[in-house]
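Numbering (the numbering used here), first residue to last: 5 to 951.
Take a look at the structure:
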């Protein structure tokens, strides 16, 4: 176990990793952040009614999505924001909303973004990547439906190459995020809450998640192999002969192996190259030494590199033994695990990568070595941190269903995550009603087979909470049996199936409200002595003792590492978050933290005391004191007087009854006769000042880096006051901003994005984030009535940003869909009505539209017609119609009135004032050609602001 100082230093290093790990090694592949510059509308926008033959015909055609899904929609009054974004956490609490979702209203929302693609990039392959959208999402590009996704927890990779427009004609991305459907019984958030990306690559490229590089032990003492498989695709114009080169680099960056293979890649046919690589004496990945190797894949065509991608992996062995539990690198490891959901105070599920680092660091300090990301796959950046920081992971599938749509979700998770050395188990479900039936057995068999087809190096499990003893059930279909709770049946199942590896996949479900030591059901407050737990669960102490005293139980996963929104069991309104956590929503420790820390950390002496010692009005009354320690014995003193001594019980903890008097209560820990640890709590005075404690010394100015700041109240002697609940007002200026705050109170209905937050039992947390391309300082002040204010200045270091797609503002309307008349020897009447059911007399076109005279004599006239509704900000007389170029003489008609005339044949630009008005408008351009020369609307036509 590394000391706290190590992890504090590592925090800054982790932030640097976030900044540098996205840099592309080769210009042929660019992975660009698409987080910036989105437009957002809260609430659904119903699609317009399709009525009439023309509208029905157009609605059925590619690129013609109506309403907010379409290319041209007036989003000028939408909110501008950056991703990741969880809009549910911004909303109010509603007692009529779903308790499981934390009483947060849900619903639908829309996002739109504009994307400019340069003409020079024609021929490249373009892929949109959304790491997660809650919950069901539909994505349109330029009015084409390009994706429908049925889960809020899996990534979505979308080939948008065929739909793109190049140059100044902007591309439109529209997304409906429908959070009405729910996949869980906890707070799930709403919106595009993970990162978004645009990947540009060569037409012949490695597909996303297309490198399978999972090391395995080979014959011989220190021989290993990586049976690398690389899947390529080709969206070009012809089959391609390429060379695939895979290189492996050790933790120091030295190349230790290379393999090359020639491959023919047909068009639109994923093709896999197999390149087995032998490695001798690699540095082993372990919980203590997280040695990571980089596997670099390059693709060459005619000696030129056309694609490159890299991933990290590690060399380790795993083994689940039915009698002795789990082994990592043939060393026995008891899984000291927690289950965690993915929301955090202030930010909901849109958790910055650096806040994830903080959360994982808090778990590491606790002594956790295993994490179950329940009940879904986490963000890929989180698994990168897991590998670097040294945890093992149960990677869990969200939706239990082997039908094709849902099997794709499972297969995506395995493909994306199989290179991570930290992952030791694939879990296909959590607590399914059919788990004790043949139906459940058959479903798991199919899902397990799909997992093994993609990765046969790890066992498959499922988190069962019943059905273990039926004649045919899920336990017969998995490699490792996972049990949620079921402590009374641990031995019964092991005796019945001694050949089956077994672990607790979820345990405990105990209740605590941080800083509370008296249960008050009228206020939904629960004491922190570890006496209260769910009917199906156990106390923290009972659950761990049952696991730790049975060698065959591989370990446990406490429900939960952190509190989370929703599921406020055993409470209801006004409680809006859970109280299961070892820590609260901010990562502030409850007493459960210290209970497990003294059980799980064995390399240094620890002693903790509870409760606090501020009990004015209870003088002489008996206070229950809990001592948590991992030493041999503890002695308790009050104001220097010895009160008693006990042998430490590391499972049950030690309890004393102490008559309260103000002063100092101390616990001294001994090994033999030597004092090795000491803890104390003191009676404080009233709060007189605020203090802010930043988690780190500085931030990176990349617009992503964030950190929590702890706010607490101090007395006149500088001691933290554990019962102060002052309301704090925040002011933030300079190179960053607040992105939210919390205090761990499960009954708080405060605005998590507002300017104020009450302390809860002495603590609150503010999260600040740097601005994009920032440097200097973030200045934060905290004030409260009657208390001295606190101020901190956090240095922000200028760094290169994560490569990103530039924002593309869209105050413009590109007129792209035109009807084009046949050629005529006589001028067309611009006010001519085209029958609604006539889809064939006139043609269709998009600028540039250059036409030769028709096959009739002197057929030099054509009429070009389109309809548009200008954006609100351009419909008030401040806009203009900009014709980049018209070749030929022309008349311009708007709503049946000629507004301009062009008298010369030569190409020319026109800028015409757009009259103020509302609604849809008809634009006609009557073009007169000259002989056999082509004429027409040969440049973009744009509604834009007057200069």
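Built from N, CA and C at the ideal position, the CB exists for glycine as well.
Go ahead and label residue i buried or exposed: buried means 16 or more other beta carbons lie within 10 angstroms of its beta carbon, across all protein chains shown.
i            : result
residue 953  : Residue numbering for the chain in the displayed model covers 5 to 951; residue 953 lies beyond these limits and cannot be assessed.
residue 56   : exposed
residue 835  : exposed
residue 697  : exposed
residue 33   : buried
residue 1007 : Given a span of 5 to 951 for the chain in the structure shown, any question on residue 1007 remains unanswerable.
residue 29   : For residue 29, the predicted structure reports a pLDDT of 34, less than 50, and the residue's modelled location is therefore unreliable. The matter cannot be settled from this model.
residue 375  : buried
residue 648  : exposed
residue 820  : buried
I need the DSSP call for residue i, collapsed to helix, strand or coil.
i           : result
residue 678 : strand
residue 787 : strand
residue 261 : strand
residue 628 : strand
residue 30  : Here the model assigns residue 30 a pLDDT of 41, short of 50, so the residue's position is not dependable, and the following value carries that caveat. Coil.
residue 314 : strand
residue 1   : As shown, the chain starts at 5 and ends at 951. That puts residue 1 outside it, with no answer to give.
residue 388 : helix
residue 453 : helix
residue 943 : coil
residue 525 : helix
residue 915 : strand
residue 328 : coil
residue 409 : helix
residue 199 : coil
residue 165 : helix
residue 698 : strand
residue 120 : coil
residue 94  : helix
Out of the options, point me to the one whose CA is closest to residue i's CA.
i           : options            : result
residue 88  : 315, 359, 324      : 359
residue 656 : 609, 728, 600, 119 : 600
residue 214 : 278, 945, 68       : 278
residue 390 : 413, 426, 403      : 426
residue 949 : 908, 932, 875      : 875
residue 161 : 177, 511, 869, 132 : 132
residue 225 : 171, 498, 283      : 283
residue 185 : 880, 723, 102, 204 : 102
residue 621 : 609, 578, 687, 205 : 687
residue 424 : 890, 883, 513, 219 : 219
residue 638 : 628, 610, 664, 663 : 610
residue 557 : 852, 340, 660, 615 : 340
residue 85  : 776, 848, 828, 801 : 776
residue 183 : 616, 157, 781, 612 : 157
residue 527 : 421, 576, 503      : 576
residue 843 : 61, 392, 72        : 61
Quick check: what's the CA-CA separation for residue i versus residue j?
i           : j           : result
residue 568 : residue 587 : 10 Å
residue 508 : residue 410 : 26 Å
residue 808 : residue 74  : 25 Å
residue 679 : residue 673 : 6 Å
residue 126 : residue 308 : 19 Å
residue 710 : residue 344 : 20 Å
residue 699 : residue 798 : 10 Å
residue 573 : residue 237 : 49 Å
residue 100 : residue 580 : 12 Å
residue 394 : residue 65  : 52 Å
residue 946 : residue 383 : 40 Å
residue 855 : residue 242 : 31 Å
residue 300 : residue 36  : 19 Å
residue 235 : residue 273 : 10 Å
residue 330 : residue 140 : 38 Å
residue 654 : residue 118 : 59 Å
residue 941 : residue 41  : 31 Å
For the putative contact between residue i and residue j, defined by C-beta atoms under 8 Å, what is the C-beta separation to the nearest angstrom?
i           : j           : result
residue 221 : residue 321 : 6 Å
residue 90  : residue 188 : With 8 Å as the limit, residue 90 and residue 188 do not qualify as a contact, their Cβ atoms being about 14 Å apart.
residue 112 : residue 180 : 6 Å
residue 80  : residue 165 : Rounded, the Cβ-Cβ distance is 29 Å, inconsistent with contact.
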